[in-house]
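Start counting the sequence shown at 824; every next residue gets the next number (our numbering).
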Amino acid sequence: MLKVDILAVPETSASVLYGLYDTLMLPGTAWPRVVLGRPGEPLIQVRIVARTQDNFSCRGNVPVSPHISITDANSADVICVPNVTIPVDENPHGRYADEIRWLVRQYKKGATIMTVCSGALILAEAKLLDGQAATAHWAYRDMFRNYYPSVDFHPERILTFAGDAKKLVMAGGMSSWHDLALYLISKYLGAEHAVQVAKFYLMDSHKDGQLPYAAMSRTIQKEDQIVEQCQRWLAEHYHEAGAIQTMSEMSGLPRRTFSRRFKACTGYSPQQYLQAVRVEEAKQLLETSQVAIDDVADQVGYGDERAFRKIFKKMAGITPSAYRKRFGAGHLIPAE
824 MLKVDILAVP
834 ETSASVLYGL
844 YDTLMLPGTA
854 WPRVVLGRPG
864 EPLIQVRIVA
874 RTQDNFSCRG
884 NVPVSPHISI
894 TDANSADVIC
904 VPNVTIPVDE
914 NPHGRYADEI
924 RWLVRQYKKG
934 ATIMTVCSGA
944 LILAEAKLLD
954 GQAATAHWAY
964 RDMFRNYYPS
974 VDFHPERILT
984 FAGDAKKLVM
994 AGGMSSWHDL
1004 ALYLISKYLG
1014 AEHAVQVAKF
1024 YLMDSHKDGQ
1034 LPYAAMSRTI
1044 QKEDQIVEQC
1054 QRWLAEHYHE
1064 AGAIQTMSEM
1074 SGLPRRTFSR
1084 RFKACTGYSP
1094 QQYLQAVRVE
1104 EAKQLLETSQ
1114 VAIDDVADQV
1124 GYGDERAFRK
1134 IFKKMAGITP
1144 SAYRKRFGAG
1154 HLIPAE
């Protein structure tokens, strides 16, 4: 029987913790009973593991009763690390020291470690992701850039594989625990069981990645007054032609010096930042109005509709029309 431990900490979301637990308990049991009319045997032994075996509450004051402590848990084939709710503007260093030491020991013994969402921060803190590709929720892009610069962070991905023999597996956003669970089941038990679980729970994969769901962080930084001034100006003038040239002139700096300072502060080049702001404004129009797409392009500063569609798809992962179909209020919210 495949042995899977799910690590829980007080900052874990109950929906991820118990969603993973219930889903991984399913293979071999529910499908035979529902479809074939006979009971089946579970194929995965699932345990909730924590620093101690004492009861505690996770996020939202939801009770957790661990099956075993990390001191005694040493036999899992796979360890799943759900999300940890660390605010994106806080310093992530210095947390979960006991859990990290345990994870590193299990990884060195051959266990595969799979994370969901911000659970990847624990692997980054353990330095297991140095020089490696990684993913987590798109909102942690700046945190990885600022605190884990040696990690090759990919906010657009749903699943990313790293480490020795690809034994580090990371899933992006919170609901991508679905993708992680189906991958785990398929890898160790076969695609048939993954399909059965997906049908039973009405699960689907996030085949377009995280980009359609991502939003640009528009936090105005305070460290560089010149860049701050340019950010504030662009928030009101993003649709104007020659916006990059105007900002560069406002800064009073040589063009290359301005670009370097702007990217150091924001993580974007001035051109990338302008494109991101325009695409975010276009998303708002697509979500809340029925304005024609060529008019959307014109309103956010693109006179060439083809150029707008190309940039939008590059940054959002899907076309403007596909975005409206997915996130427009008339499509996203079911009618009564």
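Here a beta-carbon is modelled for each residue, glycine too, at the ideal position from N, C-alpha and C.
Just so we're clear, the structure is a prediction, and the values are computed from it rather than from any experiment.
query: Distance check for GLY1065 and HIS977, CA to CA, integer angstroms please.; result: 30 Å
query: What are the residues that DSSP puts in a beta bridge with PRO886?; result: SER880
query: Under three-state DSSP, which class holds GLN1122?; result: helix
query: Measure the CB-CB distance between LEU982 and ALA949 and report whether it falls below 9 Å.; result: no
query: ILE945 and ARG918 - do their beta-carbons sit closer together than 9 Å?; result: yes
query: To the nearest angstrom, how far is it from the Cα of GLY1124 to the Cα of ASP965?; result: 26 Å
query: Any idea if LYS1106 is buried or exposed, counting beta-carbon neighbours within 10 angstroms, 16 or more meaning buried?; result: buried
query: Using the rule of at least 16 other Cβ atoms within 10 Å of the residue's Cβ for burial, across every protein chain shown, is GLU922 buried or exposed?; result: buried
query: Is LYS990 near ALA934, with beta carbons less than 9 Å apart?; result: yes
query: Please name the residue or residues paired with LYS826 in a DSSP beta bridge.; result: GLN868
query: With DSSP collapsed to three states, give me the class of ALA959.; result: coil
query: Nearest to VAL827 by CA position, among SER898, ASN878, PHE879, PRO862, is which residue?; result: SER898
query: Using 9 Å as the threshold, is the C-beta distance between THR1142 and PHE1150 below it?; result: no
query: Rank MET848, GLY883, SER1082 by C-alpha distance to the C-alpha of GLY863 and give the top, closest one.; result: MET848
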